[in-house]
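Trainee: Here you go, one structure.
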Amino acid sequence: MSHLTGNNVSEFAYSAPGEILEPNDVLEVQQIIKSRSSGLKRPLRVVSSGYNWGLGSASTPGPVTDIISLYRLKSIREIAEDRGYAVIEAGVTQEQLSTALLGSCCYLNCTASSAKTSVIGNIMDRGVGLHGQRTQDLLGIEVVLPDGRIGTVGWWPGVGSLAANPLGLGPSALHLFTQSNFGVVTAASVRLRPRPSRRKVITFTVEPGTIRTVVDHVRELVRDGVLSGVTKIYDHESSALYGAREARIAIHTCIDGPVPITEAKLDVMWRTLADVDPQRVSDDFVTNDPLMSAVARLYDGDTRSSEIIVRNALNASTEEADEHGSGWIFALPFVPMRGDDVEKAIQIVRDGVTGTTIRAGTTVNVLDHDTVDLVVAISFHRDTQGTAAAHAAFDHIVAALVTAGYVPYRVDTRHERADYADAGRGLDAVIVEQVKRLLDPQGVLAPSRYMADSRIVDTETSCKPERGVDGRTNATWKSGDDSR
Numbered sequence: 001m002s003h004l005t006g007n008n009v010s011e012f013a014y015s016a017p018g019e020i021l022e023p024n025d026v027l028e029v030q031q032i033i034k035s036r037s038s039g040l041k042r043p044l045r046v047v048s049s050g051y052n053w054g055l056g057s058a059s060t061p062g063p064v065t066d067i068i069s070l071y072r073l074k075s076i077r078e079i080a081e082d083r084g085y086a087v088i089e090a091g092v093t094q095e096q097l098s099t100a101l102l103g104s105c106c107y108l109n110c111t112a113s114s115a116k117t118s119v120i121g122n123i124m125d126r127g128v129g130l131h132g133q134r135t136q137d138l139l140g141i142e143v144v145l146p147d148g149r150i151g152t153v154g155w156w157p158g159v160g161s162l163a164a165n166p167l168g169l170g171p172s173a174l175h176l177f178t179q180s181n182f183g184v185v186t187a188a189s190v191r192l193r194p195r196p197s198r199r200k201v202i203t204f205t206v207e208p209g210t211i212r213t214v215v216d217h218v219r220e221l222v223r224d225g226v227l228s229g230v231t232k233i234y235d236h237e238s239s240a241l242y243g244a245r246e247a248r249i250a251i252h253t254c255i256d257g258p259v260p261i262t263e264a265k266l267d268v269m270w271r272t273l274a275d276v277d278p279q280r281v282s283d284d285f286v287t288n289d290p291l292m293s294a295v296a297r298l299y300d301g302d303t304r305s306s307e308i309i310v311r312n313a314l315n316a317s318t319e320e321a322d323e324h325g326s327g328w329i330f331a332l333p334f335v336p337m338r339g340d341d342v343e344k345a346i347q348i349v350r351d352g353v354t355g356t357t358i359r360a361g362t363t364v365n366v367l368d369h370d371t372v373d374l375v376v377a378i379s380f381h382r383d384t385q386g387t388a389a390a391h392a393a394f395d396h397i398v399a400a401l402v403t404a405g406y407v408p409y410r411v412d413t414r415h416e417r418a419d420y421a422d423a424g425r426g427l428d429a430v431i432v433e434q435v436k437r438l439l440d441p442q443g444v445l446a447p448s449r450y451m452a453d454s455r456i457v458d459t460e461t462s463c464k465p466e467r468g469v470d471g472r473t474n475a476t477w478k479s480g481d482d483s484r
C-alpha cells in the first residue's frame, strides 16, 4: 500500500504518515481508537482504498498524522436482492460488489473511476455514480466513535423497520458522517438498484458550439422522465484524456422500460434534439471504443472495463498511479442545469488554461432537472514546471468558478471548506464544530478539510516531492518522529 505514504497524482504538498495501521476487522479498529482516547498520541486519519485521485489521494495536507487503512475490511456481509440492499465493509471495492451482483436482479450505482474504488469511501465523500449521487445509496452505517463505542446510524437490517428508512425517526444523524471526521465508518447498508426489464444505452455526438442548446434540451427530457440515469457529456478534451478513439463532444445516456416505452422515449429524444443534429454512434463503434464501452457497461453496474479509463487518463494502473502516473487534478463544482450556466462554467475552465501547456477537459454529469456535476479534469506533466503551471491554473479556475457561484461539492487537500463556503451565513459550521467537540473532545480523529478553519500550516512536517533527473517524483519526507 505504498500509495498511502503521501505521494499523489496531483502533486499537492503532504506530510508522510507516522504510522499506517491496517486493522482486519471492526474490533481491531475499536482497539486502535481506544488506544488513542487519551489524546496524547498523533491524531488519526481514515482511508478506505486511498484512491481519491485528483483531490489529494490518501495524502495528509498538514501536520503528521497516523493513518487507519480499512482496505482489509473486505467482507460482503449480506446481499438481499429481493429487498434491494447490501451490507458491506469499508474495504469492499466496486469491482468486488459489482462482480457479486452480475446476473442478479440488482446492480450497484457505480462511479466512473477505478474498479478498485471503495464503495463506502466514495459514498462517504459524496461521489457521483452513473445513476445519481452516491449519498442516495446510503441507508445506514456501522461506526466506531472517537470514544470507542460501536453502533449503527440510519437504517440497518434486522433493527426496527423491515423497509429501508435511512432517515429514521426524529433528527437524522446519518449524513453527519459523510464528509466528516466524527467517527470511523467500518460498514454500511447500501441501496442496490433494480435492473429494468430493458435498458437502452445511447451514445451520440454533436458539433462544437451546441452545448448550450444541448443542455437545455436534455433538461426538458429529464423533466419529462424520458431519460434514465445520469446523462454524461464529454467535451472533446475530456474524450481524449479518458481514451476515446476520437476527440469529439460525446453524449451518453440511457432509457429504461419495456420495448414500447423505450422506443417511444427514444423517438421523443431524437425529435427534441433535432436542431443540434445529433449523430448516433453505432453499437459496433461503441463496443470498440475504450471510453464509450466502459461507460455503457457502467450504466449496468459493470466495472470490468473501468481500469481502461484509469490507464488512459493516468498512464498507469490503479496501484501505481500515485507514484508513476501522469499529473491529474479534479475541480468538482455543482452548476445549475441551464445551458447558459454550463456554457459559462466551461468557458471559465478553458480561459484558465489558455496560453499554458496544461490540458483541461470537462464532463457534464446531469444529476437532475436543476443540477449538473461538472467534472473538471486537469492533466499535466509531473515535472517542476508542469506542476507549478497546473497548480496555478487550478487555483485560478476554482477561484473563478466560486466567484461565479459554481461552488465545488468535494474539496481537495489543497483547499478546505472555508475557502468555498459563505462566511457568516447559515449555522452549518457552528453546528458541525459543536458536534465535533461533543463526539471527539480529545481530538482522536485528525482535523478535516471539510470542517471550518481546520487548516494548520506546518512547514517543518509538510513537504513537496523532490525531483529526480528524469523529472519524476522521488518522494521524500520528514521522519514520523518529527510529528507534533
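By full-length UniProt numbering, the letter at position 347 of the sequence shown is numbered 347, and the numbering carries on one by one without gaps.
Just so you know, even glycine gets a beta-carbon here, dropped at the ideal spot from N, CA and C.
Predicted, not measured: the structure shown is a model, and the values here were computed from it.
#1: What are the complete beta strand (DSSP E) segments, minimum 3 residues, inside the segment 10-52?
#2: Would you please state the rounded distance, in angstroms, between the beta carbons of D412 and S161? I believe it to be under 8 Å.
#3: Run through the segment 173-237 for me and flag every whole beta strand (DSSP E) of 3 or more residues, listed as ranges in chain order.
#4: Taking the beta carbon of C110 as the centre, do at least 16 other beta carbons fall within 10 Å, making it buried, or is it exposed?
#5: Whole beta strand (DSSP E) runs in the segment 411-443 with 3 or more residues, listed along the chain?
#6: Which class does W155 belong to by DSSP, given the choice of helix, strand or coil?
#7: Could you tell me the alpha carbon to alpha carbon distance between V432 and M451, rounded to whole angstroms?
#8: For W270, write down the residues that DSSP places opposite it in a beta bridge.
#9: Return the first residue and the last residue of the alpha helix (DSSP H) that P166 is part of.
#10: Here's a check: name, in chain order, each residue in its chain whose Cβ is nearer than 7 Å to the Cβ of K356, leaving out the five neighbours to either side.
#11: According to the Cβ coordinates, are W155 and P166 closer than 7 Å?
#12: Buried or exposed: Q133, going by 16 or more other Cβ atoms within 10 Å of its Cβ?
#13: Taking just the CA atoms, how far does R350 sit from D216?
#14: Can you tell me whether D277 is helix, strand or coil according to DSSP?
#15: Nearest-angstrom Cα distance between R223 and D302?
#16: How far does the beta strand (DSSP E) with Y85 in it extend, from its first residue to its last?
#17: Let's see if you can read the secondary structure: which residues bound the beta strand (DSSP E) around Q371?
#18: Assign E343 to one of three DSSP states: helix, strand, or coil.
#19: Which one of H3, L4 and N8 has the shortest CA to CA distance from W328?
#20: Between the segment 223-236 and the segment 359-372, do at least 3 Cβ pairs fall closer than 8 Å?
#21: Identify which residue in T5, A100 and T287 has its Cα closest to the Cα of G59.
#22: Compare the beta carbon distance of E142 and D66 with 7 Å and say whether it is the shorter of the two.
#23: For G54, is the classification buried or exposed, using 16 other Cβ atoms within 10 angstroms of its Cβ as the cut-off for buried?
#24: Does DSSP classify R126 as helix, strand or coil?
#25: Using only the alpha-carbon positions, how far apart do D453 and Q279 sit?
#26: Pick out whichever of S37, T186, R212 and F12 has its Cα sitting closest to the Cα of D440.
#27: Roughly how many whole angstroms lie between the Cα atoms of K344 and V407?
#28: Excluding the 5 residues preceding and the 5 following H369 in the sequence, name in chain order all residues of the same chain whose CB lies nearer than 8 Å to its CB.
#29: Comparing alpha-carbon positions, which option in G243, P447, S49 and D277 lies nearest L73?
#30: Is the separation between the beta-carbon of R149 and that of A446 shorter than 7 Å?
#31: May I have the straight-line CA-CA distance separating F334 from V310, to the nearest angstrom?
#32: Any idea which residues DSSP pairs T356 with across the strands?
#33: Taking the continuous beta strand (DSSP E) assigned at E78, which residues delimit it?
#34: Excluding the 5 residues flanking R42 on each side, which residues of the same chain have their C-beta closer than 7 Å to its C-beta?
#35: So, at 6 Å on beta carbons, what are the nonlocal neighbours of D481 in its own chain, with the 5 sequence-adjacent residues on each side left out?
Mentor: Based on what the coordinates show:
#1: You should have 44-47.
#2: The C-beta distance from D412 to S161 rounds to 38 Å, too long to meet the 8 Å contact threshold.
#3: Counting whole runs of 3 or more residues, the segment 173-237 contains the beta strand (DSSP E) stretches 184-191, 199-206 and 228-234.
#4: The residue in question, C110, is buried, as its Cβ has 16 or more Cβ neighbours within 10 Å.
#5: Here no run is fully enclosed.
#6: W155 falls in the coil class under three-state DSSP.
#7: Take the alpha-carbon of V432 and the one of M451: they are about 7 Å apart.
#8: Beta bridge pairing from DSSP links W270 with no other residue.
#9: Segment: none, P166 is in no alpha helix (DSSP H) and carries neither H nor E.
#10: What sits at residue 356 in the sequence shown is Thr, not Lys. Result list for T356: A389 and A393, in chain order.
#11: Here W155 is near P166, since their CB atoms are less than 7 Å apart.
#12: Classification of Q133: buried, given that the 10 Å Cβ count is 16 or more.
#13: Distance between the alpha carbons of D216 and R350 is about 21 Å.
#14: Coil.
#15: For R223 and D302, the gap between their C-alpha atoms comes out near 27 Å.
#16: Membership of Y85 in the beta strand (DSSP E) is indicated by the continuous run Y85 to E89.
#17: Residue 371 is actually Thr in this sequence, not Gln. If you look at T371, you'll find it in the beta strand (DSSP E) that goes T371 to F380.
#18: Secondary structure at E343: helix, using DSSP grouped into helix, strand and coil.
#19: In terms of CA proximity to W328, N8 leads the group H3, L4 and N8.
#20: In this structure the segment 223-236 lies against the segment 359-372, because at least three pairs of beta carbons, one per stretch, are closer than 8 Å.
#21: Looking at the sequence provided, one finds Ser at residue 59 rather than Gly. Of T5, A100 and T287, the residue nearest in Cα terms is T5.
#22: Contact flag unset, no.
#23: Buried.
#24: It is coil, neither helix nor strand.
#25: The predicted position of D453 is uncertain, since its pLDDT is 47 and thus under 50; no value can be drawn from it.
#26: Of the listed residues, the one whose Cα sits closest to D440 is S37.
#27: Answer to the nearest angstrom: the Cα atoms are 14 Å apart.
#28: Cβ within range, chain order: R219, V222, R223 and M337.
#29: Nearest C-alpha to L73: S49.
#30: In this structure, R149 lies away from A446, with their beta-carbon atoms at least 7 Å apart.
#31: Their backbone Cα atoms lie some 23 Å apart in a straight line.
#32: In the DSSP output, where bridge partners are listed per residue, T356 has none listed.
#33: Judged by DSSP secondary structure, E78 falls within the beta strand (DSSP E) whose first and last residues are I76 to A80.
#34: If you ignore the 5 residues before and after R42, its C-beta comes within less than 7 Å of the C-beta of G18, V64, T65, D66 and S483, all in its own chain and listed in chain order.
#35: Because D481 sits at a pLDDT of 35, beneath the cut-off of 50, its placement in the model cannot be relied upon, and the point is left open.
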